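Chemist: Below is one structure. I have some questions about it.
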Amino acid sequence: MRVVVAMSGGVDSSVAAALLAREGHDVIGLSMQLYDHSGSHADGEVRFGSCCTIDDLHDARRVAAQLGIPHYIVNFERQFGDTVVSNFVREYAAGRTPIPCVHCNGDLKFATLAARAEGLGARQVATGHYARVAHDEGGRYVLMRGLDASKDQSYFLFTLTQAQLAHALFPVGALDKAAVRSLAGELGLFVSNKPDSHEICFVADGDHAVFLEQHGVAKTTGAIRDVSGRVVGTHDGVHRYTVGQRKGLGLSSPVRLYVVGIDAEQGAVTVGPREALERTELTASGVNWIAGLPPVAGTRATAQIRYRHREAAVSITAIPDDRVHAVFDEPQYAVAPGQAVVFYDGDVVLGGGWID
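First residue of the sequence shown: -11, per our numbering; consecutive thereafter.
Laid out in structure tokens, this is it:
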């Protein structure tokens, strides 16, 4: 079977390609040039993130050469800018906290790679994600957590549809990270000890505020208020804050203060004690249900409101306009608008959406 593998230059996608090639599949490696990191910086230096760099593309090509498979680099800079970067800028400007990896993985990588794969005569698209695909009793595709709970990436894939899952392969999803690195070593892949990347790939130095201001977000002064409405300070732009933030507030207080609310229209940031961040319910929009249909009202599930958030028991009810209402058994800390909430039944991903 001909398979296109999305090769990022990291150990996970490299092992995914190697496993498929070892199984005898006709493997084609595709790497995506997503972002031009050579933009200007205040000090005149050119700096790169730790993911999706030119070095990563070279690493992917070297691995493909080791495996004896063809490798192509496709330029998706325009699509990446339209789909991921522009959303990132809009969301922060609106006082929300975006999660670009979800848009990148679901809205860009799978959608565009599936089309490229079809053009190359390939039936399947494989990635190095720690996730699994199965079938339910009705024959529908099921997205599941990766076997390695510490590396599970199903949270980032909740936007995948039945049509996309029909073409998706996750060769390392049933392995843990140690096994993947061990396999890379056994296969002689030079990336076996390459560190994982953790930053937003297109934000150099991790300074999202500078990036946003370089992309047109105004540095506008506004009021910082406490939960009673009293002005306790000023800020230089709501895009510099996220719900749950404690560091960098520059405020003097006998108790620790956190950002508990952001009003972009009023240009106001609200701060309060940690307990002011607790929420027992949320609504989310743009919801995708993996099965294609929403679960029945009041379905019991678990939910993650951030990637590293410990899943929490919840009751969920689909509401009109592709939204969902979720009520937690216990209060949750720092439910941030713009982040993704993903619902699970055990290891099975039910679906998810964007927190309102």
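No residue lacks a Cβ here, since even glycine has one placed at the ideal position from N, Cα and C.
Since the model is a prediction, treat every value here as computed from it, not as a measurement.
Mapping DSSP to helix, strand and coil, what is N181?
Modeler: In this structure, N181 counts as coil in the three-state DSSP scheme.
Chemist: Within the same chain, show all residues whose beta-carbon is closer than 6 Å to that of E253, passing over the 5 residues directly before and after it, in chain order.
Modeler: Excluding residues within five positions, none has a Cβ falling inside 6 Å.
Chemist: Can you give the Cα-Cα distance for V15 and A48, rounded to whole angstroms?
Modeler: Each residue's alpha carbon lies about 13 Å from the other.
Chemist: Between the Cα of P261 and the Cα atoms of H196, L270, G249 and A272, which residue gives the shortest distance?
Modeler: The shortest Cα separation from P261 among H196, L270, G249 and A272 belongs to G249.
Chemist: Pair every Cβ in the segment 320 to 331 with every Cβ in the segment 81 to 91, then say whether three or more of these pairs are closer than 8 Å.
Modeler: Touching, per the Cβ criterion.
Chemist: By Cβ distance below 8 Å, which residues in the same chain neighbour L177 in space, the five residues on each side in sequence not counted?
Modeler: Answer for L177: V(-1), S2, V3, A6, V51 and Q54, listed in chain order.
Chemist: Along the chain, which unbroken stretches of the alpha helix (DSSP H) at least 4 residues long are found entirely within the segment 213 to 247?
Modeler: You should have found no qualifying run.
Chemist: A172: buried (16+ other C-beta within 10 angstroms of its C-beta) or exposed?
Modeler: The residue is buried, with at least 16 neighbouring Cβ atoms inside 10 Å.
Chemist: Do R228 and A279 have their C-beta atoms closer together than 8 Å?
Modeler: Against a cut-off of 8 Å, the Cβ pair of A279 and R228 comes out as no contact.
Chemist: Whose C-beta lies closer than 6 Å to the C-beta of L157 among residues of the same chain, with five residues either side of it excluded?
Modeler: Here the set comprises Q112 and A114.
Chemist: Does the separation of the CB atoms of Q233 and V243 fall below 8 Å?
Modeler: Not in contact: Q233 and V243 (Cβ atoms no closer than 8 Å).
Chemist: So L101 and L175 are supposed to be a Cβ contact under 8 Å. How far apart are they, rounded?
Modeler: Rounded, the Cβ-Cβ distance is 23 Å, inconsistent with contact.
Chemist: Just checking: is the beta-carbon of Y321 within a distance shorter than 8 Å of some beta-carbon in chain C?
Modeler: You won't find chain C in this structure, because it holds only one protein chain.
Chemist: Starting from H196, trace the beta strand (DSSP E) in both directions and tell me its first and last residue.
Modeler: From DSSP, H196 is part of no beta strand (DSSP E) but of the alpha helix (DSSP H) over H196 to Q202.
Chemist: Which residue wins for smallest C-alpha separation from D214, given the options R133, S241, Q202 and L22?
Modeler: For the residues R133, S241, Q202 and L22, the minimum Cα distance to D214 belongs to S241.
Chemist: Going along the chain, which residues of its own chain have a beta-carbon closer than 7 Å to the beta-carbon of L338, five neighbours each way excluded?
Modeler: So the qualifying residues of the chain are W277, I278, P283, A289, F331 and Y332.
Chemist: Please go through the segment 30 to 84 and give each complete beta strand (DSSP E) segment of 3 or more residues, from N-terminal end onward.
Modeler: Fully enclosed beta strand (DSSP E) runs of 3 or longer: 59 to 63.
Chemist: For P308, count neighbouring C-beta atoms within 10 Å of its own C-beta (all shown protein chains included) and say buried if the count is 16 or more, exposed if not.
Modeler: P308 comes out exposed.
Chemist: Please report the distance separating the alpha-carbon of D344 from that of S74.
Modeler: Going by the C-alpha atoms only, they are around 19 Å apart.
Chemist: Once DSSP output is grouped into helix, strand and coil, what is the label at Y295?
Modeler: In the structure shown, Y295 sits in coil (DSSP, three-state: anything other than H, G, I, E or B).
Chemist: Exposed or buried, M(-11), counting other C-beta atoms within 10 Å across all chains shown (16 or more means buried)?
Modeler: It is exposed - the Cβ of M(-11) has fewer than 16 other Cβ atoms within 10 Å.
Chemist: DSSP three-state call for Q150: helix, strand or coil?
Modeler: Of the three classes helix, strand and coil, the one that applies to Q150 here is helix, per DSSP.
Chemist: Taking buried to mean at least 16 other C-beta atoms within 10 Å of its own C-beta, is H59 buried or exposed?
Modeler: The residue in question, H59, is buried, as its Cβ has 16 or more Cβ neighbours within 10 Å.
Chemist: What does a CB cutoff of less than 6 Å around G56 pick up in its chain, not counting 5 residues either side in sequence?
Modeler: Correct list: empty, nothing qualifies.
Chemist: What residues in its chain sit with their C-beta under 7 Å from that of A110, if we drop five residues either side in the sequence?
Modeler: Excluding positions up to five away in sequence, the list reads R(-10), V(-9), V(-8) and I16.
Chemist: What residue range is occupied by the uninterrupted beta strand (DSSP E) comprising R267?
Modeler: From DSSP, the beta strand (DSSP E) with R267 extends over E266 to W277.
Chemist: Output needed for Y80: all residues of its chain with C-beta closer than 6 Å, excluding positions within five of it in sequence on either side, in chain order.
Modeler: These residues qualify, in order along the chain: L200 and H227.
Chemist: Alpha carbon to alpha carbon, how far is A192 from T268?
Modeler: Each residue's alpha carbon lies about 36 Å from the other.
Chemist: Whose CA, out of L148, L135 and G204, lies closest to the CA of P167?
Modeler: As written in the sequence, residue 167 is Ala, which differs from the Pro given in the question. For the residues L148, L135 and G204, the minimum Cα distance to A167 belongs to L135.
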